[in-house]
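Quick note on numbering: full-length UniProt numbering labels position 109 of the sequence shown as 109, and the sequence is numbered without any gaps.
Every residue, glycine too, gets a C-beta built ideally from N, C-alpha and C.
What you are looking at is a predicted structure, and each value in this text was computed from that prediction instead of being measured.
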Amino acid sequence: MEGSTIVLTDDAGKTLPCTVETTFKVESTEYLLLQPVDFSVQIFAWQETDDEEETELADVTEEEIDVIFATAQAVLSEQNLTLRRSAYTLTVEGDLPEPTEEDIIEIDTEEDGNCSEFQELAHFYYEEQAFSVFTALDPLMFIAKVGTGGLPEILTPEEMNALEPYVEKYLDHVLSTEDAEEDS
């Protein structure tokens, strides 16, 4: 199954083609580590801070994405990228430009202060509001379980929390095995 492509479908019927990176079992349940075929992207708005000289990124709601989607799609199409409203994430299809230092920004993506590096793909304005489209330099991964009828199901937050220790142990094992192979 590793290397094959499967399609996730959300409650709204949107789809997300993914490559199966690996499979593993915990107790009697089979799990899949999935990476979207296309590049996952996020759109952020630029806001002024209390210090009017600086700006910061702010999350964009689903309703705002509905309004700005066509503009973002048009700006990305100038780079031969196709923006899609896929299941669980926005994606772009096409060849991403090579990242330069000016394109890379660190964004605090979690409550505990963890930062991830993102590449800015496009910057645009909609009704005088500035927006940017970013893709993470580390690919987005999903964990799904094989559900009824053999169809993949994204884990609930509760299931993900319960599975986290197993995933960490599994990934530690895989990484240490890869390191040992490289040293040989």
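Practice prompt. Have a look at V26, G150, L16, A122 and flag the residue whose alpha-carbon is nearest the alpha-carbon of residue 237.
Written response: Any question about residue 237 goes unanswered here, given that the chain covers just 1 to 184.
Worksheet item: Taking Cβ positions, are S4 and A136 nearer each other than 8 Å?
Response: Here the question's residue 4 lines up with position 4 in the sequence shown. Here the question's residue 136 lines up with position 136 in the sequence shown. Not closer than 8 Å, so no.
Practice prompt. Give me the Cα-Cα distance between E168 and A162, rounded to the nearest whole angstrom.
Written response: As a first step, residue 168 is located in the sequence shown; it is residue number 168 there, counting from the start. As a first step, residue 162 is located in the sequence shown; it is residue number 162 there, counting from the start. Spanning the two alpha carbons is a distance of roughly 11 Å.
Worksheet item: Residue ranges of each beta strand (DSSP E) run of no fewer than 3 residues wholly in the stretch 39 to 79, ordered along the chain?
Response: 39 to 48, 55 to 59
Worksheet entry | Given 8 Å, three or more beta-carbon pairs between the stretch 148 to 158 and the stretch 63 to 73 | no
Discussion item. According to DSSP, is S176 part of a helix, a strand, or is it coil?
Written reply: As a position in the sequence shown, residue 176 is number 176, starting the count at 1. Three-state result, S176: helix.
Worksheet item: Does the stretch 71 to 83 come close enough to the stretch 50 to 58 to have 3 or more Cβ pairs within less than 8 Å?
Response: no
Discussion item. Taking CB distances under 8 Å as the criterion, tell me whether D38 reaches chain B.
Written reply: Within the model displayed, chain B is absent; a lone protein chain is all it includes.
Discussion item. Using CA atoms only, rank isn't needed, just tell me which of P17, T148, A130 is closest to V60.
Written reply: One-based indexing of the sequence shown puts residue 60 at position 60. Out of P17, T148, A130, A130 has the C-alpha closest to the C-alpha of V60.
Worksheet item: V92: which of E120, I107, D103 sits nearest, CA to CA?
Response: Within the sequence shown, residue 92 is the residue found at index 92, counting from 1. The residue with the shortest Cα to Cα distance from V92 is E120.
Discussion item. Restricting to Cα atoms, I'd like to know which of E30, V133, Y126, F124 is closest to F118.
Written reply: On the sequence shown, residue 118 is found 118 positions in, with the first residue counted as 1. Per the Cα distances, V133.
Worksheet item: Along the chain, where does the beta strand (DSSP E) that runs through V37 open and close?
Response: Looking up residue 37 in the sequence shown gives position 37. No beta strand (DSSP E) holds V37; DSSP gives it neither H nor E.
Practice prompt. With a threshold of 16 other CB atoms inside 10 Å of the CB of D95, please say whether the residue is buried or exposed.
Written response: Residue mapping note: residue 95 aligns to position 95 of the sequence shown, counting from 1. That one is exposed.
Practice prompt. Assign P97 to buried or exposed, taking buried as 16 or more other Cβ atoms, counted over all protein chains shown, within 10 Å of its Cβ.
Written response: Residue 97 sits at position 97 when you count from the first residue of the sequence shown. Exposed: under 16 other Cβ atoms inside 10 Å.
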